[in-house]
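Here is the structure we will look at.
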Amino acid sequence: MTGTPRTAAVIGGGPAGLMAAEVLSAAGVRVTVYERMPSVARKLLIAGRGGLNLTHSEDFAAFAGRYGAAADWLRPVLEAFPPAALIAWAERLGQPTFVGSSGRVFPKAMKASPLLRAWLARLAGQGVVVRTRHDWRGWDEAGALAFDAPGGRVSVAPDVTVLALGGASWPKLGSNGAWTEMLRGRGVAVAPFEPANMGITIAWSDVFRERFAGQPLKNVGVMQVGETPGFLRIESVTRGDVIITGYGLEGTPIYALSAAARSLTNGCPQALVIDLRPDMTVARLAERVARAAPKQSLSNLLRKSLHLSPVEIGLLRETDVSTPREPDRLAGAIKAVALKVSGTQGLQRAISSAGGIMRDVVDKSLMLLAMPGVFVAGEMLDWEAPTGGYLLQASFATGVVAAQGALAWLDRQRPIDAR
Ligand SMILES: Cc1cc2nc3c(=O)[nH]c(=O)nc-3n(C[C@H](O)[C@H](O)[C@H](O)COP(=O)(O)OP(=O)(O)OC[C@H]3O[C@@H](n4cnc5c(N)ncnc54)[C@H](O)[C@@H]3O)c2cc1C
1 MTGTPRTAAV
11 IGGGPAGLMA
21 AEVLSAAGVR
31 VTVYERMPSV
41 ARKLLIAGRG
51 GLNLTHSEDF
61 AAFAGRYGAA
71 ADWLRPVLEA
81 FPPAALIAWA
91 ERLGQPTFVG
101 SSGRVFPKAM
111 KASPLLRAWL
121 ARLAGQGVVV
131 RTRHDWRGWD
141 EAGALAFDAP
151 GGRVSVAPDV
161 TVLALGGASW
171 PKLGSNGAWT
181 EMLRGRGVAV
191 APFEPANMGI
201 TIAWSDVFRE
211 RFAGQPLKNV
221 GVMQVGETPG
231 FLRIESVTRG
241 DVIITGYGLE
251 GTPIYALSAA
261 ARSLTNGCPQ
271 ALVIDLRPDM
281 TVARLAERVA
291 RAAPKQSLSN
301 LLRKSLHLSP
311 VEIGLLRETD
321 VSTPREPDRL
331 AGAIKAVALK
341 VSGTQGLQRA
351 ISSAGGIMRD
361 VVDKSLMLLA
371 MPGVFVAGEM
381 LDWEAPTGGY
391 LLQASFATGV
401 VAAQGALAWL
411 DRQRPIDAR
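First residue of the sequence shown: 1, per my numbering; consecutive thereafter.
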């Protein structure tokens, strides 16, 4: 390429920003990544503690549907960088993947650090410069990007900018949502952040909390029940392992109910029903109860004849002090342990956040309509999805699309012949 190289500032060194940096630098753009923390991709590394669920293997239509209200506008973005492309990308970084029993895709290493190390080496090889401890503070009076850095205020005026500042969950990892006011001040509509994929609060008794906090309820069914006057309405049913915590419950089936659980804050009372034996019908369980020796104590019946674990028995007793012995009623109680949800965990502990830059204020290439030459990517956009690899997939894909948009925009500003 002849002429002055084009320059890009990518602000935010998470998966979305680093992916944008990769695509831009591969096309010959001189890229600097600015990150407010002392190191990049802290949330990606924490995600690695759970095995790093990169994406999901289900068919594309079902996959795209997981983004709910955002599915329509995210579909073309995901098509531009679908799960197969992400898997191939990870493999090119020396991280082969496998599909877990639930269809989720993980690197065989089951952690993020080897992938991140290889990725940063590739980016350095493509000339990407990473400036950590650079906290973006908006634009200065001359229109340059302004950062608070260890040596004081730094101003830069790149040819194009990609913002990938993340959402607002786990703020101690760097994404604190402080950028929302800077963008709102520039006329960019930002939906308020709310927790997504968060735990729920249940007022356990002291005895139950002390004995069972940290223990899993394996492969249970979870139903969210909306209480409306006169009848109970089942909102949704999910399945998987749930973890008892000191403050309530965490785990994939609980996270899947995030959006419904948030309505709690709107004053709508909610109950959660746990099915401890989702693979058995009430009739089959009742038959087992009826077959048990009549003189067997209730504890022995639950443990020996019905194979309930101590935590399952504890949960049953926590909610129903007078656990019934009569077969149909006991079977019904095991298949519908009703818990009163008193709240949800906040952004500090949520896996992700809902809210962010609204779809209407960006074009198809993820450029801010109010700020030509400024592109946005990742969780700072207004979409939400359950856990299962959907969060990282959309973060990577929006990074790719924002960078491709930035390249096309650069070409429109300075056609090849003029460079
Ligand atoms: C505990 C946990 C486990 C998770 N596990 C998974 C999983 O297994 N699978 C999955 O799909 N998703 C998972 N996620 C979610 C996933 O990690 C995020 O969706 C993803 O990291 C979002 O990428 P991002 O690049 O948009 O934002 P981030 O990863 O949040 O990166 C944004 C970056 O911008 C920086 N930044 C913010 N403001 C500024 C500023 N003003 N100036 C400069 N830099 C700034 C931040 O410090 C941060 O480094 C998990 C999240 C958590 C918390």
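Just so you know, even glycine gets a beta-carbon here, dropped at the ideal spot from N, CA and C.
In this text, all values refer to a predicted model and were calculated from it rather than measured experimentally.
Query, Result
"Three or more C-beta pairs below 8 Å linking the region 42–61 and the region 169–176", "yes"
"Residue closest to V360, alpha-carbon to alpha-carbon, out of S39, G65, A70", "Just to set this straight, residue 360 is Asp in the shown sequence, not Val. Residue A70 is the option with its Cα nearest to D360."
"Distance, R239 Cα to L18 Cα", "34 Å"
"Contact test: R211 Cβ vs ligand 1 heavy atom, cutoff 8 Å", "no"
"Length at least 3, wholly inside the region 197–260: the beta strand (DSSP E) runs in chain order", "216–228, 231–244, 248–250"
"Start-to-end residues for the beta strand (DSSP E) that takes in P107", "104–107"
"Extent of the continuous beta strand (DSSP E) run through D148", "145–149"
"Within 9 Å, strictly: CB atoms of G246 and R211", "no"
"Terminal residues of the alpha helix (DSSP H) in which K335 lies", "327–335"
"Alpha carbon of S155 to alpha carbon of A256, nearest angstrom", "42 Å"
"Chain-order list of residues whose beta-carbon lies under 7 Å from that of W139 (same chain, five-residue window excluded)", "L145, A146"
"First through last residue of the beta strand (DSSP E) which encompasses T7", "7–11"
"Range of the contiguous beta strand (DSSP E) that encloses V361", "Element bounds for V361: n/a, residue is neither H nor E."
"Three-state class that DSSP yields for I46 in the structure shown", "helix"
"Cα-Cα separation between M110 and T97, rounded to whole angstroms", "9 Å"
"beta-carbon A90 near ligand 1 non-hydrogen atom, thresh 8 Å", "no"
"Integer-rounded CB distance, given that L165 should sit under 8 Å from I11", "6 Å"
"Cβ-Cβ separation, A402 to A20 (assumed contact under 8 Å), whole Å", "5 Å"
"Contact test: N300 Cβ vs ligand 1 heavy atom, cutoff 8 Å", "no"
"Heavy atom of ligand 1 within 8 Å of Q345 beta-carbon", "no"
"Candidates I334, G248, D275, A259: closest to Y67 by CA position", "A259"
"Outcome for P294 when other beta-carbon atoms lying within 10 angstroms are tallied against a minimum of 16", "exposed"
"Neighbourhood of I87 by C-beta, 8 Å cutoff - its chain only, sequence neighbours within 5 removed", "L54, T55, T97, V105"
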